[in-house]
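What follows is one structure encoded as structure tokens, with my remarks underneath.
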Amino acid sequence: MSDSTPGSRGGARDVVVVTGAGGMGAAVARRLGSGRALIIADASRTHLDNLVEALRAEGHVAHGVHTDVSDRGSVEKLAAAASSAGERITAIVHTAGVSAATATARQIIDVDLVGTAHIIDVFETVATRGTALVCIASMAGHAAQLTREDEAALATAPTQDLCELAPVVAVEDDPMSAYLLAKRANQVRVQAAALAWNLRGARVNTVSPGVISTPMAKQEAESHSGGSMLDMLDACGIGRTGTPAEIAEAAAFLTSPAALYITGTDLLVDGGQAGWLRWHMPAEGVAH
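Numbering (our numbering), first residue to last: 13 to 300.
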């Protein structure tokens, strides 16, 4: 099913690339894919093939490309496939990632940090006027405790040097700290990348979700820190998790003509959790 030539019935189409075949990726593909050529990327062939099959059954022109975002060469193959799939790449939404509940610190650094940097770097080379990239970060990035110097390094260091930076080395044995750092790095790296994208007539932003109802979030909720995560939803007043469709709507806005003057910024879609953490959380944390 994956790595086959995309269909072209109806002539050349605009192309939408979605990395990650999980809950958010599937919602984004369905929201943005109508009338366009969909390129879906994932490291799991099973998840990739299942989503591509489902999208085709729903009438979408969908094509799967098996991709490991931690490998620049793999991302370059994805960009090449997207560039040849239709008239132009109109949107890239990067949802692929791992979590602190299910991955090692090394995996988080390789996928969430370096992988996102590869997506930003490689797709900038094929972006044209009107192309928009949205990288899914996390509200966790707003909770990272980094110096201005560390943020500057994470924002501007060449991708091949990221793993050697002192703040990255410092979290190599701590999955949660690695996750916070990686997601903050996603946010500041997109800010720094906006200039290069602007010069191509293209745009790049991050969306930072809070707790969203996906299989990954379910695994996080069942982890040792999951109780605090769910308690925070009540404490901040929202009283529920978000849905993948709500993230898809944010991505749809940021990749649409309505957002042509928005680039290099982060959109929090978290039900007010980051604001509660900063201004209202008791000193002792979330009470059980």
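All C-beta atoms in this analysis are idealised placements derived from N, C-alpha and C, irrespective of residue type, glycine included.
As the structure is a prediction and not an experimental result, all values here were calculated from the model.
Separation of residue j from residue i, as counted between CA atoms
i, j, result
"I52", "A204", "26 angstroms"
"G19", "A91", "Model confidence at G19 stands at a pLDDT of 46, short of 50, so the residue's coordinates are unreliable and nothing is read from them."
"Y191", "P269", "32 angstroms"
"V73", "G47", "8 angstroms"
"P221", "L280", "6 angstroms"
"H292", "C248", "8 angstroms"
"V123", "L177", "16 angstroms"
"T79", "A129", "15 angstroms"
"P256", "S95", "27 angstroms"
"S225", "R252", "9 angstroms"
"P294", "Y273", "38 angstroms"
"I250", "M244", "9 angstroms"
"G22", "A69", "In this prediction, G22 has a pLDDT of 49, which is less than 50 and means its spatial position is unreliable; what the coordinates show is noted afterwards. Rounded to the nearest angstrom, the two C-alpha atoms are 17 angstroms apart."
"T17", "V183", "For T17, the predicted model reports a pLDDT of 49, less than 50, meaning its position is unreliable; a value from the coordinates is still stated below. Near 41 angstroms, if we compare the C-alpha coordinates of V183 and T17."
"L207", "V77", "29 angstroms"
"V64", "D185", "36 angstroms"
Cβ separation of residue i and residue j, assumed to be a contact under 8 angstroms, to the nearest whole Å
i, j, result
"V146", "A263", "5 angstroms"
"L39", "I259", "In the sequence as presented, Leu is not what sits at residue 39; that position holds Ala. A39 to I259, Cβ: 7 angstroms. Contact."
"P179", "D162", "4 angstroms"
"A149", "V219", "7 angstroms"
"G32", "A108", "4 angstroms"
"E261", "W209", "The Cβ separation is near 22 angstroms, so there is no contact."
"L266", "A144", "6 angstroms"
Check whether residue i and residue j have beta carbons under 8 angstroms apart
i, j, result
"N217", "T275", "yes"
"G287", "G254", "no"
"L50", "L67", "yes"
"A167", "R201", "yes"
"M228", "S111", "yes"
"G98", "D26", "yes"
Pick from the options that is closest to residue i, judged by C-alpha positions
i, options, result
"G127", "A144, R84, E161", "R84"
"G142", "A97, Q157, V28", "V28"
"V81", "D54, D246, E70", "D54"
"V138", "R215, I250, G37, A257", "R215"
"C175", "D185, S189, L125, A24", "L125"
"I121", "F265, Q157, A24, V181", "V181"
"D246", "L272, A94, D133, L289", "L289"
"S189", "A164, A165, Q157", "Q157"
"H106", "M244, I132, D243", "I132"
"V30", "D278, T140, H75", "H75"
> Per the contact definition of three or more C-beta pairs closer than 8 angstroms, is the segment 194-203 in contact with the segment 137-156?
Replying inline: Taking 8 angstroms as the limit for Cβ pairs, the verdict is that the segment 194-203 does touch the segment 137-156.
> Given 8 angstroms as the limit, is there contact between the segment 115-127 and the segment 59-66, that is, 3 or more CB pairs closer than that?
Replying inline: For the pair of segments examined, the segment 115-127 was found not to touch the segment 59-66: the number of CB pairs separated by less than 8 angstroms stays below three.
>> So, does the segment 94-106 touch the segment 167-181, judging by three or more C-beta pairs under 8 angstroms?
In response: No: fewer than three Cβ pairs fall under 8 angstroms.
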